[in-house]
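Okay, so here's the structure we're looking at.
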Ligand SMILES: [Mg+2]
Ligand SMILES: [Zn+2]
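Chains as they are written, first to last, in the working numbering: chain A, 1 to 472; chain B, 473 to 573; chain C, 574 to 1056.
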């Protein structure tokens, strides 16, 4: 049952929210031990919440557009009184005294929270192997990674633990795991969804978005959470959208560009073939297809691996053992800070904090951070001229299908390359999503990335719906 | 790889700035990995883009401001319950050694 | 002259000798908003520790700053009052670890501050350059337990974040002050401006106004600056003067003793009246400033700035000029003090109602130190007129004034209730003639030119009239009889 179907059934009283959540909880009992999608399953709260929804329905109240829909939350979204760890020892056991904006919105909409999903520590990674609490496995092949950093959320939806999960996308952390797990994943326009209550990795790149099994569900969830907020200064006020309303409008006459720089070198042939198939499907649905070029896109990864760590090095300074989370004692406060951070952060987080600290430090700022911010301008300008000639762009989401656990952990650069197709969109703030489009030679899913200009979600979803339908 | 971009000593300095303590093994490994990354990102050095303005925000939209109205405050007990060490409603820390830099 | 006048022997001595003192001040003022700079918890002095906190001011994971409109308006008011250029500005992160800073970075303005290139005019008319006046957030408070509360000996520390995130404006003045007294006047004037525009309560004792002084010395005539020391913990205008005075002398002794001045941050100790080295500034800390990604650039519209300019109240400088125009040739210190005590409106009214400017100002400055109380401007004007007409002696006028401050009403009634009805000239002449007859020797010596005897006769008259007579009138009478 899709999220949209569940909500309809629960609202009309055809089905109880309780029966829905019980079904998902038993699925979790079945295979969570193998997948390890969750850091925490809040079964009791979920059942109690479901009963509230059913009571509301019985009382003739409107329980909201997502009534009874089970939702899994990435463990970097603050949930009041419920541990929020970012899969890091340094936040182990921390219970936020407040809810993230998206958590408030989903609750008001009648959603039922299933638990907090595993992730790469502080969202730094592309495989969900950088978790202090153990790796998540790909439900479609437990020897493979689910992608990351929102691997737990992608796996939870792929494994049927929940029809909907939220993740965060800083360099591809929603789209790439969605592709590797064969689900739909959306990175909305920067500023579309309030970041209030999302534990920051890189503030100018982070954006919250949904994972779902299908396009319509993703649109329905985005319609709920895509609601700007006065507690996030970078919220785009005031413009909520509806992606659902125009979902079936098709792509007839839309100008679709195939993004050359992200479709050639380094893309596995079987992945490239699926993208070609997707392009043909759009064409036969009436889209006008041509090659599009964003020459500077190839520099996206370099700019990203300077900007994101720089912002992270500052965002993660607050984990000092004073106010919350882990403290490892020391003779002085500086010693205590150092002991706490050295014990609390994993290798990848330490690496990125060091890169970022270095990129911002006296004498290197202009050469690294300053230069990267100019590359960012260059990429934004290149895309701007492309948007004059195209309504949408298409590319692979990931250069390969799901890789094996441990395959890239020893080689950070190889891991970083997994983000090459997804990173440019975070630098520009545009909208993008990954739609599953068949499988590669290894039988594992391939994701097609659809890119839209800022606030272009409605058009983007029309194309996603066409691709979904074309698979029959 | 070209010339070394970051030395072991620079790595140690950066770690200290970030309040991280690294073992010799970690310092060796990180120095190599950071150097490899810096060597890759150095491709942007070739770009002639000095004339471009840096982008600090993907949004190119105007500012808005918060009205000066008092809102909710946090419950102190709920907050202090999360703290490693407290005394008299305050956060307790080891000696700070000196004023802020 | 003013209540805060320094009583340090040899004040200003360095600039009288071959050394010149050079002072530049950085003033932090807490802005008078209801909420914090980036969040909605109350901006309120004191309170139970950690009760004025929210996710943002506590730097909780996931919290985000949102800029307070009122804080920006107050910053613009200050910028306008200090003749600054108001420009588009950008917030930056200043990164360093310290437990009273919840995020371990401070959001401040770095290379693009909101106010730049202004000036402030001292009562003397000297203009002091203002480099910048920018917005930033305050830190929490750390108290050191054990070791007598001294930071280096403390056993541990406790942190209260009530103050964290309180909006500050940091006003950086150019090193154009040349004495402790000028430094004192600069801060007094700046405080008066901040209070006048409603930007701050200016309370140094409560720490809502904090002064860091950069002091250096150089040979008179030299145009390059000497090595400076930054002095912290100056908590009153008086200690500011003393600290600058002490530090200048210390540096001069250092240099004349052949020792170079080391660039340091020093701590003013009120008790021993000395400054003590905190740390040497040699190792410059790497703050890794970068633009705050959670905040959009700030670009106040010209219309908004203009609206703020329109409603700006008259500034101390304008008020001094206004008073000076209407009350020449009054002492500039009297004018400055009247304005500093916000009694310039009372003085202006009394003068316009016919009170002689000099007498009005004398009362305002010397006899109304605790404020005008119930005194109405009409009453002050009338009182001064009675004095002029010799109906009240200076001593009597003071007593009458006290009554008016206490209970209000008219000086006539007050004078009567005190039994001060003026004596008419006939009565006074008769009395003087009688006293001359009673004291022939004194009179003849007076007539031979011994003026000391004026006092004798005035005294006799006062005794006979229990001080009701006007001394001036008696003297005039004696002189007219002598010729
Ligand atoms: Mg500052
Ligand atoms: Zn400051």
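Where is the CB? At the ideal position from N, CA and C, for every residue including glycine. Bear in mind the structure is a predicted one, so any value in this text is a computation, not a measurement.
- Contacts between residue 639/C and chain A, judged by CB atoms closer than 8 Å, involve 230, 231, 232, 233 in chain order.
- Beta-bridge annotation (DSSP): residue 666/C is paired with 680/C, 863/C.
- Per DSSP, the beta-bridge partners of residue 850/C are 839/C.
- Of all residues in the region 196–225 of chain A, the ones placed with a Cβ closer than 9 Å to any Cβ belonging to chain C are 196, 197, 198, 199, 200, 202, 203, 204, 205, in chain order.
- Taking a Cβ-Cβ threshold of 9 Å, the residues of chain A close to residue 676/C are 314, 315, 317, 318, in chain order.
- Residue 819/C counts as buried, since at least 16 other C-beta atoms from the protein chains shown sit within 10 angstroms of its C-beta.
- Distance from the CA of residue 30/A to the CA of residue 110/A, rounded to the nearest whole angstrom, comes to 26 Å.
- Contact annotation: in the region 521–548 of chain B, residues whose CB is within less than 9 Å of a CB in chain C are 526, 528, 529, 531, 533, 534, 535, 536, 537, 538, 539, 540, 541, 542, 543, 544, 545, 546, 548.
- Nothing from the region 122–139 of chain A brings a Cβ to less than 9 Å from some Cβ of chain C.
- Residue state for residue 1030/C is assigned as helix, using DSSP reduced to three classes.
- Taking every protein chain shown into account, the CB of residue 62/A has fewer than 16 other CB atoms within 10 angstroms, so this residue is exposed.
- Setting aside the 5 residues that flank it on each side, residue 396/A is surrounded in the same chain by 267, 271, 275, 421, each with a C-beta closer than 6 Å to its C-beta; the list follows chain order.
- Listed in chain order, the non-local C-beta contacts of residue 521/B below 6 Å within the same chain number zero, local neighbours out to five positions each way being set aside.
- In its chain, beyond the 5 residues on either side, 558, 561, 563 have a beta carbon closer than 8 Å to the beta carbon of residue 552/B.
- Under the DSSP definition of a beta bridge, residue 601/C partners with 743/C, 783/C.
- Leaving aside the five residues that flank residue 513/B on each side, none in its chain has a CB nearer than 8 Å to its CB.
- The C-beta of residue 475/B comes no closer than 9 Å to any C-beta of chain A.
- In terms of Cβ geometry, residue 388/A and residue 145/A do not form a close pair [threshold 9 Å].
- Residues of the same chain with a CB within less than 7 Å of the CB of residue 21/A, apart from the 5 flanking positions on each side, are 46, 47, 50, 70, 112 in chain order.
- Residue environment: residue 543/B is assigned as exposed (fewer than 16 neighbouring CB atoms within 10 Å of its CB, all protein chains considered).
- Interface annotation, residue 433/A: not in contact with chain B, CB-CB separation never under 9 Å.
- Secondary structure of residue 703/C (DSSP, three-state): strand.
- Shown in chain order are the members of the region 587–620 of chain C whose Cβ falls below 7 Å from a Cβ of chain B: 606, 607, 608, 613, 614, 615.
- Contact between residue 327/A and residue 567/B does not hold, since the beta-carbon distance rounds to 15 Å and is not under 8 Å.
- Any Cβ of chain A closer than 9 Å to the Cβ of residue 651/C would place that residue at the interface, and such an atom is absent.
- DSSP places residue 652/C in the uninterrupted alpha helix (DSSP H) bounded by 642–654.
- When the Cα atoms are used, residue 822/C and residue 754/C turn out to be separated by approximately 14 Å.
- Looking only at 941/C, 881/C, 839/C, the smallest Cα-Cα distance to residue 788/C is reached by 839/C.
- Residues of the region 328–344 of chain A with a Cβ closer than 8 Å to any Cβ of chain B, in chain order: 329, 330, 331, 332, 333, 334, 335, 336, 337, 338, 339, 341, 342.
- Taking 9 Å as the upper bound on Cβ-Cβ separation, chain B lies near residues 93, 94, 95, 96, 97, 98 of the region 90–124 of chain A.
- Under the rule that a run must span 3 or more residues, the beta strand (DSSP E) segments found entirely inside the region 189–254 of chain A read 208–212.
- With a threshold of 9 Å between beta carbons, residue 482/B makes no contact with chain C.
- The region 891–942 of chain C is shown to contain whole alpha helix (DSSP H) runs of 4 or more residues at 905–913, 917–925, 930–935, in chain order.
- Listed along chain A is no residue with a C-beta nearer than 8 Å to that of residue 559/B; the closest approach is about 13 Å.
- Between residue 244/A and the set 466/A, 7/A, 458/A, the nearest pair of CA atoms involves 458/A.
- Boundaries of the beta strand (DSSP E) around residue 692/C: 688–694.
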